[in-house]
Amino acid sequence: MFWMARDPEPGIVDLYHLDMDQPSRDDCDRLLDDLVADEVERANRFRHDLHRRRFILGRAALRGLLSDIAGCHPAQLPLKYSPAGKPFLAAGPSFNVSHSEQHLFIGLARDGALGVDIEVKKTMPDVLSLAATQCSQDERRVLMGLASAEQSAAFLRLWTRKEALLKAYGTGLCLPLQQLSMEMLSHRGNLFRASSLPGLDPSGWSVHDIALHPMLQAAVAWNRPAFSLFLTHGNPHLK
Numbered sequence: 002m003f004w005m006a007r008d009p010e011p012g013i014v015d016l017y018h019l020d021m022d023q024p025s026r027d028d029c030d031r032l033l034d035d036l037v038a039d040e041v042e043r044a045n046r047f048r049h050d051l052h053r054r055r056f057i058l059g060r061a062a063l064r065g066l067l068s069d070i071a072g073c074h075p076a077q078l079p080l081k082y083s084p085a086g087k088p089f090l091a092a093g094p095s096f097n098v099s100h101s102e103q104h105l106f107i108g109l110a111r112d113g114a115l116g117v118d119i120e121v122k123k124t125m126p127d128v129l130s131l132a133a134t135q136c137s138q139d140e141r142r143v144l145m146g147l148a149s150a151e152q153s154a155a156f157l158r159l160w161t162r163k164e165a166l167l168k169a170y171g172t173g174l175c176l177p178l179q180q181l182s183m184e185m186l187s188h189r190g191n192l193f194r195a196s197s198l199p200g201l202d203p204s205g206w207s208v209h210d211i212a213l214h215p216m217l218q219a220a221v222a223w224n225r226p227a228f229s230l231f232l233t234h235g236n237p238h239l240k
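The numbers in the numbering used here rise by one with no breaks, and the one at position 35 of the sequence shown is 36.
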């Protein structure tokens, strides 16, 4: 198991971050017992051991957290899947998962629509061309006023916030991102400013940046006007 999960409390999102390259191969192999048969088969289809280990750790970490709350063995967790392939538990809690390279980011809440996103920071070429299709008019205006060295980081902040929000909304990135507008000049408080998408009113949703590491950009979204965060950050204790 990885962490001892807290039973989610009202008004609080519990967040968990894991570097999936830290545990050894032996640790990963021991975690196969926490997966169901089709997950084991999928793990064994990876051609590269690095990707295999990351897949096993990601699934075992999620199952370990949720099974702590459900009171069952990780492999017995009754996960179901939406038509879009999103996993969920009929009896709760709400949860969402994001990966970027070796980093795993999990969010848990007692109920509601929850989304998280994590990205390893990198320089993005031609940010303004991307912004033309992914950013609102107000966001593009602010981006164009930034120095070129700052545009990439600002765009990635927008991207993670919007992806977390649309994952919570249940659509992923298939909706037009330029119809959402986020705060550009602040990293604090609710960063969701405007939306022309039905059912996404900023008065009923919150989007927050999460500080995990200087080289990581992360965000969480929940269909609550305000909430608190509880972050478990660092390496897990495998046993």
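The C-beta atom is built at its ideal place from N, Cα and C for all residues, glycine as well.
Cβ-based neighbour list, residue i, same chain, cut-off 7 angstroms, excluding 5 preceding and 5 following
{"i": "histidine 188", "result": "Asp210"}
{"i": "proline 226", "result": "Ser204, Gly205 and Ser207"}
{"i": "aspartate 8", "result": "Ile70"}
{"i": "leucine 80", "result": "Pro88 and Leu90"}
Residues of its chain near residue i, where Cβ-Cβ distance is below 8 angstroms and the 5 sequence neighbours each way are ignored
{"i": "valine 143", "result": "Ala155, Met185 and Leu186"}
{"i": "glutamate 10", "result": "Arg111"}
{"i": "serine 229", "result": "Gly12, Ile13 and Val14"}
Beta-carbon gap between residue i and residue j smaller than 8 angstroms
{"i": "glutamine 179", "j": "glutamine 135", "result": "yes"}
{"i": "valine 14", "j": "leucine 131", "result": "no"}
{"i": "valine 221", "j": "leucine 16", "result": "yes"}
{"i": "glycine 93", "j": "tryptophan 223", "result": "no"}
{"i": "aspartate 30", "j": "proline 75", "result": "no"}
{"i": "arginine 60", "j": "glutamate 42", "result": "no"}
Selection from the options that minimises the alpha carbon distance to residue i
{"i": "leucine 105", "options": "Asp39, Ala195, Lys123 and Leu58", "result": "Leu58"}
{"i": "proline 177", "options": "Trp160, Glu10, Gly190 and Ser68", "result": "Trp160"}
{"i": "glutamate 99", "options": "Glu40, Arg26 and Asp20", "result": "Here residue 99 is serine; the residue named in the question, glutamate, does not match the sequence. It is Asp20."}
{"i": "histidine 234", "options": "Asn224, Arg31, Trp223 and Leu217", "result": "Leu217"}
{"i": "leucine 51", "options": "Leu63, Asp35 and Asp27", "result": "Asp27"}
{"i": "histidine 214", "options": "Leu232, Gly200 and Lys81", "result": "Leu232"}
{"i": "serine 196", "options": "Gln103, Phe228 and Glu140", "result": "Glu140"}
{"i": "glycine 65", "options": "Glu40, Leu32, Asp39 and Tyr82", "result": "Leu32"}
{"i": "glutamate 151", "options": "His18, Val128, Ser83 and Ala212", "result": "Val128"}
{"i": "glycine 200", "options": "Leu181, Arg53 and Gln103", "result": "Leu181"}
{"i": "glutamine 103", "options": "Tyr82, Phe56, Ser137 and Arg158", "result": "Phe56"}
{"i": "leucine 198", "options": "Ser137, Ala148, Ala212 and Met145", "result": "Ser137"}
Local Cβ density within 10 Å of residue i, reported as buried at 16 or more and exposed below that
{"i": "arginine 46", "result": "exposed"}
{"i": "leucine 67", "result": "buried"}
{"i": "glycine 72", "result": "exposed"}
{"i": "tyrosine 170", "result": "buried"}
{"i": "valine 121", "result": "exposed"}
{"i": "lysine 123", "result": "exposed"}
{"i": "aspartate 246", "result": "The requested residue 246 is not part of the displayed model; the chain covers only 2 to 240."}
{"i": "methionine 183", "result": "buried"}
{"i": "histidine 49", "result": "exposed"}
Beta-carbon proximity list for residue i, same chain, < 6 angstroms, skipping 5 on both sides
{"i": "phenylalanine 96", "result": "Leu109"}
{"i": "histidine 238", "result": "Only weak support is given to the placement of histidine 238: the predicted model assigns it a pLDDT of 44, under 50, and the value that follows is read from those uncertain coordinates. So no residue of the chain qualifies."}
{"i": "aspartate 118", "result": "Ser99, Thr161, Glu164, Ala165 and Ala220"}
{"i": "serine 101", "result": "Ile119, Glu120 and Val121"}
One or two residues paired with residue i in a DSSP bridge
{"i": "histidine 209", "result": "Val221"}
{"i": "histidine 52", "result": "In the DSSP output, where bridge partners are listed per residue, histidine 52 has none listed."}
{"i": "asparagine 97", "result": "Gly108"}
{"i": "isoleucine 13", "result": "Ser229"}
Residue i CB to nearest heavy atom of the ligand ADP below 7 angstroms
{"i": "proline 9", "result": "Among the components modelled here there is no ligand, and therefore nothing to report on the ligand ADP."}
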